[in-house]
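Line by line, the protein sequences are chains S and W. In our numbering, each residue's number is its place in the first sequence (first place is 1) plus 265. In our numbering, each residue's number is its place in the second sequence (first place is 1) plus 265.
Protein chains: 2
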Amino acid sequence: MKIGVFDSGVGGMTVLSELRRQFSSAHFVYLGDTANVPYGTKSSAQVKRLSAACGITLRERGVECVVVACNTASSIALEEIREACGSAIPVIGVVEPGVSAALAAMSQYPASSPVLVLATKATVKSGLYGKLLREKHPLVFEQACPLLVPMIEEGWTDHPVLHHTIEEYVGPYRRRHSAGVALLGCTHYPWIQAAVQRALPGWTVVNSAQAIASVLQSSTGLQPATGAAPVDWIFTDPDAIPGFVLPLP
Amino acid sequence: MKIGVFDSGVGGMTVLSELRRQFSSAHFVYLGDTANVPYGTKSSAQVKRLSAACGITLRERGVECVVVACNTASSIALEEIREACGSAIPVIGVVEPGVSAALAAMSQYPASSPVLVLATKATVKSGLYGKLLREKHPLVFEQACPLLVPMIEEGWTDHPVLHHTIEEYVGPYRRRHSAGVALLGCTHYPWIQAAVQRALPGWTVVNSAQAIASVLQSSTGLQPATGAAPVDWIFTDPDAIPGFVLPLP
Chain S
266 MKIGVFDSGV GGMTVLSELR RQFSSAHFVY LGDTANVPYG TKSSAQVKRL SAACGITLRE
326 RGVECVVVAC NTASSIALEE IREACGSAIP VIGVVEPGVS AALAAMSQYP ASSPVLVLAT
386 KATVKSGLYG KLLREKHPLV FEQACPLLVP MIEEGWTDHP VLHHTIEEYV GPYRRRHSAG
446 VALLGCTHYP WIQAAVQRAL PGWTVVNSAQ AIASVLQSST GLQPATGAAP VDWIFTDPDA
506 IPGFVLPLP
Chain W
266 MKIGVFDSGV GGMTVLSELR RQFSSAHFVY LGDTANVPYG TKSSAQVKRL SAACGITLRE
326 RGVECVVVAC NTASSIALEE IREACGSAIP VIGVVEPGVS AALAAMSQYP ASSPVLVLAT
386 KATVKSGLYG KLLREKHPLV FEQACPLLVP MIEEGWTDHP VLHHTIEEYV GPYRRRHSAG
446 VALLGCTHYP WIQAAVQRAL PGWTVVNSAQ AIASVLQSST GLQPATGAAP VDWIFTDPDA
506 IPGFVLPLP
């Protein structure tokens, strides 16, 4: 079965990595829209237009399911991607699996503990994580962290500047709440999951990749198998300057 | 006289601000390609294509001269912009005025002192600053500083994280050379000129905006006049999430 995985750039590789590991019998097509990265600072109209174009590219490559491994596109443009792909192709975003995973992790904490969503400006501005989480949990914060992706792409994943920046973003929440759930609402952030965890002792840091794998399994009937599935790589600007080469988390 | 000022985003406003102040009798048209910002991580082919499209837009708006207030486009795509604008419209890049300003500042130091160019990855990769400077000065370094633009756009222009990051980028040069010239090779950097100066005591930090104003005057015959010139604003994605609103330096 051919599965499309789409991201604005390279962040979706953290999701791809998990899916390849779990479903080695599948054949993945990874599409990175490197000509237009980043989506996180663009207008909604622009993100919808670009995402729909990527949906068409994946449909033309014959994929039978699309995983939108980009929080910005999942928050803003899921309907447009579904229209572009046609009703025969299930389209799975990262937001709902992330919300489910955060709520599951929340069950070990009292209801007065917060869920803190860390994401790009565009994802926070969409408000979708907050809306879905607040339907099930009373205390939700969304924090835009625009410097984290550039730092990850600089390779500063365990650098004092990174730790200081994370402290600026999450320190105020930790000082008010000794425990809670932090949801990594950007597919780059698994590369710094350890650094976020270090800044939030007593909290649970949730990466949605495993939850996405479960949704993929239930949507397609794919069975887990060990090994490493093949991947076709498509980049809309193949000569874009690679931000970084990092081992996958 | 109608003068086009082009940048990939909002950084060119630091150049525009200087030009407006010096030439209040002119009428400026500022074009920010916010649908495609940043240029600094894109391939050369992509930067050439996008820059040429912006040249056509400015020509159609009737400008009589174009200032390319974007180091990446100036380093990579000046010829393409000149072709798009046609031979009747002078096109002024920021690289050559910056080089002239750096060499002029160098005259107060011994020849063993370095010129250090701070710029985006794409500008450094083009090697143009280094090539032009080395024709006149023996010791030149080019340092890519990919985190500075995101920090400026976050408004962290006097933040401990910014100072720490600048130290990472320029500290090694300061430890080997007690004096020299640092050229701000990105139009965002004038917003943090004071922070760069603080990290390089004994050095001269050069911002090319004044040198660009001199070239504009000699290319067009524009005469300085006091006041503030009018500006028409064009953004290719007018709804792009504004990175920041900062007072102009």
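Each residue gets a CB set at the ideal place from its N, CA and C atoms; glycine is no exception. As the structure is a computational prediction, the values presented were derived from the model and not from experiment.
Query, Result
"Can we say the segment 464-475 of chain W touches the segment 363-372 of chain W, given the rule of at least three CB pairs closer than 8 Å?", "yes"
"For Q311(W), return the contacting residues in chain S, with the cut-off set at a CB-CB distance below 8 Å.", "A300, D502, D504, A505"
"Anything in the segment 332-345 of chain W with a Cβ closer than 9 Å to a Cβ of chain S? List those residues in chain order, please.", "none"
"Specify the secondary structure class of H292(S) as computed by DSSP and reduced to three states.", "strand"
"Any beta-carbon of chain S closer than 8 Å to the one on S308(W)?", "yes"
"What residues match up with I357(S) in a beta bridge as DSSP calls it?", "V332(S)"
"Could you check where the alpha helix (DSSP H) with Q408(W) kicks off and where it finishes?", "Premise fails: Q408(W) lies in the beta strand (DSSP E), 405-409, not in any alpha helix (DSSP H)."
"R285(S): buried (16+ other C-beta within 10 angstroms of its C-beta) or exposed?", "buried"
"Tell me the rounded alpha-carbon separation between A444(W) and P403(W).", "15 Å"
"Using only CA atoms, which one of P425(S), G320(S), T385(S), L398(S) lies nearest to R463(S)?", "P425(S)"
"Going along chain S in order, which residues have a C-beta closer than 7 Å to the C-beta of L518(W)?", "Past the boundaries of the shown model lies residue 518(W); chain W is included only from 266 to 514, so the question cannot be answered."
"Ignore the nearest five residues each way along the sequence and tell me which others in E345(S)'s own chain have a CB closer than 7 Å to its CB.", "K313, S316, A317"
"Based on the DSSP secondary-structure assignment, which residues constitute the bridge partners of G467(S)?", "Answer is none; G467(S) lacks a bridge partner."
"Please classify S339(S): is it buried, with 16 or more other beta-carbons within 10 angstroms of its beta-carbon, or exposed?", "buried"
"Quick check: the segment 436-455 of chain S against the segment 443-461 of chain W, are at least 3 beta-carbon pairs closer than 8 Å?", "no"
"Which first and last residues belong to the beta strand (DSSP E) in which K267(W) is found?", "267-272"
"Would you call the CB atoms of A490(S) and F288(S) closer than 8 Å?", "yes"
"Helix or strand or just coil, what does DSSP make of V382(S)?", "strand"
"Examine chain S for any beta-carbon lying closer than 8 Å to the beta-carbon of H518(W), and answer yes or no.", "Chain W is shown from 266 up to 514; residue 518(W) falls before or after that span and cannot be answered."
"Output yes if chain W places a C-beta closer than 8 Å to the C-beta of E433(S); else output no.", "yes"
"So which residues on chain B does P425(W) lean against when the C-beta distance must stay under 8 Å?", "Going by chain labels, chain B is absent from the structure shown, which instead holds the protein chains S and W."
"Could you work out which residue in H428(W), E329(W), A387(W) is closest to M266(W) when comparing CA atoms only?", "E329(W)"
"Would you call S498(W) buried or exposed, if buried means 16 or more other Cβ atoms sit within 10 Å of its Cβ?", "Per the sequence shown, residue 498(W) should be read as Trp rather than Ser. With fewer than 16 other Cβ atoms within 10 Å, it is exposed."
"Compute the Euclidean distance between the alpha carbons of F500(S) and G467(W), then round it to the nearest angstrom.", "45 Å"
"DSSP beta-bridge partners for A490(W)?", "F288(W)"
"By DSSP, does V496(W) sit in helix, in strand, or in coil?", "strand"
"Measuring CA to CA, which of T299(S), L465(S), I268(S) is closest to E325(S)?", "I268(S)"
"Given that a residue counts as buried once 16 or more other Cβ atoms are within 10 Å of its Cβ, and exposed if not, what is K396(S)?", "exposed"
"At what residues does the alpha helix (DSSP H) containing L413(S) begin and finish?", "413-418"
"The beta strand (DSSP E) spanning V446(W) covers which residue range?", "446-449"
"My understanding is that C335(S) touches S391(S), with C-beta atoms under 8 Å, so please give their C-beta distance in whole angstroms.", "Their Cβ separation, rounded to whole angstroms, is 12 Å, which puts C335(S) and S391(S) out of contact at 8 Å."
"Tell me the residue span of the alpha helix (DSSP H) that contains Q373(S).", "Here Q373(S) belongs to no alpha helix (DSSP H), and DSSP marks it neither H nor E."
"So, does the segment 377-386 of chain S touch the segment 397-417 of chain S, judging by three or more C-beta pairs under 8 Å?", "yes"
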